Amino acid sequence: MTDTNDHQEHAPQVSTAKLNPIAKFVRATELDTRMLGMVGALILIWLGFHFYGVFFKGGGVFLTPRNLWNLSVQTAVTGIMATGMVLVIITRNIDLSVGSIVGFTGMIMGVLQVNILPQYLGLGHPAIWVITVIVGILLGGLIGCLQGWLTAYLAIPAFIVTLGGMLIWRGAAFLVADGKTIAPVDQNFALLGGGPYGAIGSTGSWIVGLIACAAVLFLMYRGRMNRMKHGFRLRPMWAEATVAGLACGVLLAAVLVVDAYPWPIGIVKAYAEAHNISTPPSELFISHGFAIPVLILAAVGIGMTILMTRTRFGRYVFAIGGNPEAAALSGIDTRMMTVKIFALMGMLAGLAAVVASARLTSATNALGDLEELYVIASAVIGGTSLAGGVGTIYGAIIGTMVIQSLQTGMVLIGYGDGSYRKIVVGLALVLAVYLDIIYRKKTN
Numbered sequence: 003m004t005d006t007n008d009h010q011e012h013a014p015q016v017s018t019a020k021l022n023p024i025a026k027f028v029r030a031t032e033l034d035t036r037m038l039g040m041v042g043a044l045i046l047i048w049l050g051f052h053f054y055g056v057f058f059k060g061g062g063v064f065l066t067p068r069n070l071w072n073l074s075v076q077t078a079v080t081g082i083m084a085t086g087m088v089l090v091i092i093t094r095n096i097d098l099s100v101g102s103i104v105g106f107t108g109m110i111m112g113v114l115q116v117n118i119l120p121q122y123l124g125l126g127h128p129a130i131w132v133i134t135v136i137v138g139i140l141l142g143g144l145i146g147c148l149q150g151w152l153t154a155y156l157a158i159p160a161f162i163v164t165l166g167g168m169l170i171w172r173g174a175a176f177l178v179a180d181g182k183t184i185a186p187v188d189q190n191f192a193l194l195g196g197g198p199y200g201a202i203g204s205t206g207s208w209i210v211g212l213i214a215c216a217a218v219l220f221l222m223y224r225g226r227m228n229r230m231k232h233g234f235r236l237r238p239m240w241a242e243a244t245v246a247g248l249a250c251g252v253l254l255a256a257v258l259v260v261d262a263y264p265w266p267i268g269i270v271k272a273y274a275e276a277h278n279i280s281t282p283p284s285e286l287f288i289s290h291g292f293a294i295p296v297l298i299l300a301a302v303g304i305g306m307t308i309l310m311t312r313t314r315f316g317r318y319v320f321a322i323g324g325n326p327e328a329a330a331l332s333g334i335d336t337r338m339m340t341v342k343i344f345a346l347m348g349m350l351a352g353l354a355a356v357v358a359s360a361r362l363t364s365a366t367n368a369l370g371d372l373e374e375l376y377v378i379a380s381a382v383i384g385g386t387s388l389a390g391g392v393g394t395i396y397g398a399i400i401g402t403m404v405i406q407s408l409q410t411g412m413v414l415i416g417y418g419d420g421s422y423r424k425i426v427v428g429l430a431l432v433l434a435v436y437l438d439i440i441y442r443k444k445t446n
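Listed below in structure tokens is the structure:
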């Protein structure tokens, strides 16, 4: 038995003799080439904007802890919804209503926690934010369920259903409060949007980072043991060590970056006064650490990845996207699956509304405006094929970071006008679809 495993470990499925060193490295480590391409593009964007600032603006500010921390927080809302949009697009549908769902659920949550719950529970009651979050997520799920039912059981194209939903829920959001802004939201609820108090600090960030590294090492060990158990080819040990080192290195580097961003001096001063700290505020260094919205996005990304790669539900999603007719003939209830997928998308939109309204500390009619376009663009730029059947959760999150990096970078180099940013994002979207077409032609 040992001889068989050793033979499989050192016997690749295809010859690598004619491959260049980079191709051999990718083959041995089994890294996703599309992911590597997206990460490479993201790094080039970061370096480009930073050094543009160095050479033409008197200093680069893109690759600073402050900007990278803010970039991570700004990615959260779109990233949360992009993970759900992957499932929708994989099954050859589209959801144009997610931005309006964010606006509507955000307005309902604002009215609930500002005008209704305090009358019964008292102002600042700790249950207010919990009830508000649950209501927002469930309401989003109900809206998604309705739209999925219309698509699946009444055979109305998803494009039409969600286009109508985009208009309906945006109008409903206006009617909920007669176009007024609802503020301020509950203080505990506001922490979910980030900010100095909406982060876990240096110690908490190191705990999260070390736990994540331990999880990576455990999963890699478990994966190797499973391969040995079933007689599959093993990666060389140097490749295992390289992948583990890269993953843990990125995680620990992220911890260092978020811990290097201190609280603003004004907030430090108020904190010192409130806690009777005699040390001068200018000498206090209090790290932000990971923001709560970033942790929410990470939790959603992990959960959705497990759902897509380790469950029957995920297999059904890819089966429907690959061939809907064959999936139905094989016994998959494609209509109910469509309802579930749209319901999940709605719940994620509700969760995004929680983060967005908490970050603004208010509910406004502009909440989520045009967000559906960026969500779809994030999924597509991240490698989700509009033809269906192909897509990854981590790709959608990386795609969101690409879009947000482009928008933030344009602001930092002096092109903050929304027109320039839309042009750049539009070009990136078209280019991503073109590259996807080329990739599919080469792999088919």
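The sequence shown begins at 3 in the working numbering and counts up by one. We put the beta carbon where it would ideally sit given N, CA and C, even for glycine. Source: prediction; values computed, not measured.
The C-beta distance from V245 to M222 rounds to 7 Å, short enough to fall under 8 Å. Under DSSP, P264 takes part in a beta bridge, and its partners are S289. With a minimum length of 3 residues, there is no unbroken run of beta strand (DSSP E) contained wholly in the segment 314-341. DSSP places A272 in the helix class (H, G or I) of the three-state scheme.
Note that the C-beta distance between V319 and I92 is below 7 Å. Ranked by Cα distance from P295, the first of Y376, A434, L431 and F191 is F191.
Secondary structure of I415 (DSSP, three-state): coil. Contact between the segment 195-209 and the segment 85-100 is absent, with fewer than three C-beta pairs closer than 8 Å. Straight-line spacing of the CA atoms in P238 and I202 works out to 38 Å. About 30 Å separates the beta carbon of L156 from that of V356, a gap too long to meet the 8 Å contact definition.
Note on T311: under 16 other CB atoms within 10 angstroms of its CB, so exposed under the neighbour-count rule. Put simply, the backbone Cα of R423 is about 27 Å away from that of F176.
Within a 10 Å sphere around the beta-carbon of V302 sit 16 or more other beta-carbons, which makes this residue buried. Secondary structure in the segment 116-159: no beta strand (DSSP E) run of 3 residues or longer lies completely within the stretch. Contact annotation: S359 and G108 have beta-carbon atoms nearer than 7 Å. By the Cβ criterion, the segment 328-348 is not in contact with the segment 395-411, since fewer than three pairs of Cβ atoms, one from each stretch, lie closer than 8 Å.
Rounded to whole angstroms, the gap between the alpha carbons of A389 and F57 is 42 Å. DSSP places I96 outside both helix and strand once states are collapsed to three, so it counts as coil.
Here G291 is buried, its C-beta having at least 16 other C-beta atoms within 10 Å.
Inclusion of Y122 and I415 in the CB contact set at 7 Å is not warranted, their separation being larger than that value.
Using a Cβ-Cβ distance cut-off of 8 Å, the segment 130-145 and the segment 330-349 are in contact, since at least three pairs of beta carbons, one from each stretch, lie closer than that value. If you check the CB distance, N69 and V63 come in under 7 Å. Judged by beta-carbon spacing, S284 lies beyond the 7 Å limit of S204, meaning their Cβ atoms are not closer than that value.
For H232, the uninterrupted alpha helix (DSSP H) segment begins and ends at G203 to H232. Beyond the five residues adjoining it in sequence on each side, L98 comes within less than 6 Å, by CB distance, of T164, L165, M168 and E374 in the same chain, given in chain order.
Across the structure, A293 and G233 are spaced so that their CA atoms are roughly 43 Å apart.
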